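To start, the structure itself, in structure tokens.
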Amino acid sequence: DQQVKQNSPSLSVQEGRISILNCDYTNSMFDYFLWYKKYPAEGPTFLISISSIKDKNEDGRFTVFLNKSAKHLSLHIVPSQPGDSAVYFCAATLNYGGSQGNLIFGKGTKLSVKP
Amino acid sequence: DTGVSQDPRHKITKRGQNVTFRCDPISEHNRLYWYRQTLGQGPEFLTYFQNEAQLEKSRLLSDRFSAERPKGSFSTLEIQRTEQGDSAMYLCASSRGVFETQYFGPGTRLLVL
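Here the protein sequences line up with chains A and B, keeping their order.
Per this note's numbering, residue 5 is the first one in the first sequence, and the count goes up by one each step.
Per this note's numbering, residue 8 is the first one in the second sequence, and the count goes up by one each step.
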């Protein structure tokens with residue numbers, strides 16, 4: 005069963021507009037969330053993270069929002085640039101037992117930013 | 008370049024053959040992880056090391072898979088008697104500690120014919 009879900013396989017936005025990528029999770033024990041970006045033939049690159057004690061974290065053009073009651077997080081990219089075109093993975097970690105720190109990934113959303 | 012490196016980047020093998028991949032983590036990173044990514048999926052956790060100790064193995068890691076991290080530095084992942092279902096991207100990541108950011112290598116793409 006998929007514990008981290010990214011229900012939109014793809015998203016297309018115009019350069020300069022906002023990109024919003026969504027992620028839902030089912031395990032209320034997740035306490036740390038991350039977004040990774042992946043270009044073809046490369047490994048995932050860390051983008052931004054958020055702890056469960058926060059509801060927002062911002063880093064330049066990237067902002068992650070966390071809604072714990074809804075078990076939902078989103079990544080906002082403003083303004084979107086063609087170089088942002090990539091697959092974006094949402095990931096979560098548990099804070100107990102032997103699985104501490106192991107990342108559980110969603111299936112990814114392919115973002116295309118058109119000039 | 009002081010990032011995570013993996014070797015080889017690509018491997019084509021015939022079913023039944025053994026293959027071995029290597030991962031060199033970022034220097035002084037205590038934790039080293041192996042993940043596998045198949046087409047259309049996100050990376051899936053396989054196993055991780057804290058220094059030289061292998062602390063957890065996913066149920067995805069059948070007995071044909073073995074991983075080592077001698078001396079707590081580089082790590083190897085060996086797959087014995089490869090099957091076509093083993094075809095995937097094998098990713099290595101390292102971090103300073105348990106809740107530190109994991110940095111990924113470029114991956115090894117395995118194709119089993």
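Glycine is no exception: its CB is placed at the ideal position from the N, C-alpha and C atoms.
Keep in mind that this is a model prediction, so the values were computed, not measured.
query: Proximity below 8 Å, CB of Ser-78 of chain A to CB of Val-117 of chain A; result: no
query: Where Asn-71 of chain A falls, given that 16 or more other Cβ within 10 Å makes a residue buried; result: exposed
query: Contact list for Gly-110 of chain A against chain B, beta-carbon separation under 7 Å; result: Gly-49
query: Within chain A, the residues that Tyr-55 of chain B reaches when beta carbons sit closer than 7 Å; result: Asn-106
query: Closer than 8 Å to chain A by CB, Gly-112 of chain B; result: yes
query: Separation of Glu-46 of chain A from Ser-73 of chain B, as counted between CA atoms; result: 24 Å
query: Phe-50 of chain A at chain B interface by Cβ criterion, 8 Å; result: yes
query: Cutoff 8 Å; reference Leu-107 of chain A; Cβ partners in own chain excluding five residues on either side; result: Leu-38, Ala-95, Ala-96 and Thr-97
query: Beta-carbon proximity of Arg-38 of chain B to Phe-52 of chain B, cut-off 8 Å; result: no
query: Supposed close pair Gln-44 of chain B, Thr-54 of chain B - CB separation, criterion 8 Å; result: That pair is no contact at about 15 Å.
query: Contact set between Tyr-92 of chain A and chain B, taken where Cβ atoms lie within less than 8 Å; result: Here the premise fails: no neighbours, minimum Cβ distance about 10 Å.
query: Alpha-carbon to alpha-carbon, Ser-16 of chain A and Asp-5 of chain A; result: 28 Å
query: Beta carbon proximity, Thr-108 of chain B to chain A, threshold 8 Å; result: yes
query: Cβ shell of Met-96 of chain B (< 6 Å), same chain only, five flanking positions each side left out; result: Gln-44, Gly-114 and Arg-116
query: For Lys-64 of chain B, three-class secondary structure by DSSP; result: strand
query: Span of the beta strand (DSSP E) around Leu-77 of chain A; result: 76-81
query: Buried/exposed call for Tyr-92 of chain A, threshold 16 Cβ in 10 Å; result: buried
query: 8 Å Cβ cutoff, Glu-90 of chain B in contact with chain A; result: no
query: Lys-21 of chain B (DSSP reduced to helix, strand or coil); result: coil
query: Tyr-40 of chain A beta carbon less than 8 Å from that of Phe-106 of chain B; result: no
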